[in-house]
Amino acid sequence: MSEARGMDTGYSTGRANLYRDRSSALMTSTEISRLSCPNCKKILRDPRQVTVCGCRFCAGCIDQRPAQGCSAESVYTCAVDGAKYKRRDVRKDRGCQREIEFLEVDCPTQPRPCLWRGKLTDMEHHVSEECPKRLRECDLKCGGKYLAEELEQHMARDCHRRPVPCQYCKQQLPMKDLQDHYMGCDRLLECAPTANKLEVKN
Ligand SMILES: [Zn+2]
Ligand SMILES: [Zn+2]
Ligand SMILES: [Zn+2]
Ligand SMILES: [Zn+2]
Ligand SMILES: [Zn+2]
């Protein structure tokens, strides 16, 4: 682990467009993980690099608590590989920040991505809030999960919990409860053919 991290210095080679690698999804996900924080697992925010081991963290994620005391000589421990470092061994990683700002990625949604292409910094929002290919739970709580782009149709036409009106009393009921409702619907009894009432009388 530590050796691999120490070798990882190839990021500052200028701008890179991840979509050039779209033939290889694996490459793209490798790139993404390279620019992710090992602590919060998200894309680095205000990246800091520990120069002694090469690890990068968000400014808010890097360990700022020394083992004891707190001075320029305080010793910190890298959470990834245990490397010891001092405050002066941490630098603001502008190259990495620039790379993150310029990078563009294709939609990473699995198993089927959408046609979205955008900034890496917008990717998390796209995947969790916007992507039409993301899975969403049915709002009517039927327990099903559907592609976001198909959910509306599911809820309007297919979901067994979609609200439908009883054709007799006009009350709105979940589709699955309609048959049971007919058994006790007052209006349905009133509307029933008189033959039924005669039978009851007999
Ligand atoms: Zn972080
Ligand atoms: Zn490290
Ligand atoms: Zn998408
Ligand atoms: Zn449903
Ligand atoms: Zn009814």
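Residue numbers (the working numbering): 88 to 289. Cβ atoms here follow ideal geometry from the backbone N, Cα and C, with glycine treated the same way. Every value quoted in this text rests on a predicted model; they were computed, and no experiment measured them.
Residue i: which of the options sits nearest, CA to CA?
i: C183; options: Y163, D209, I119 and P200; result: I119
i: A166; options: C124, R132 and Q259; result: C124
i: E188; options: C194, E224, G205 and V214; result: G205
i: R143; options: K179, A159 and E277; result: K179
i: C218; options: L190, L260, A235 and A279; result: A235
For residue i, name the three-state secondary structure that DSSP assigns.
i: C272; result: coil
i: G205; result: strand
i: L190; result: coil
i: L131; result: coil
i: R244; result: helix
i: S116; result: helix
i: V214; result: helix
i: Q266; result: helix
Is the Cβ-Cβ distance between residue i and residue j less than 8 angstroms?
i: C140; j: D168; result: yes
i: V162; j: R135; result: no
i: C253; j: L265; result: yes
i: C229; j: R248; result: yes
i: P250; j: Q259; result: yes
Quickly, what does DSSP pair residue i with across the bridge? List them, please.
i: Y163; result: Y172
Thinking residue i and residue j are a contact (beta carbons under 8 angstroms), I'd like their distance in whole angstroms, please.
i: C201; j: C225; result: About 20 angstroms; that fails the 8 angstroms criterion.
i: L207; j: I130; result: 6 angstroms
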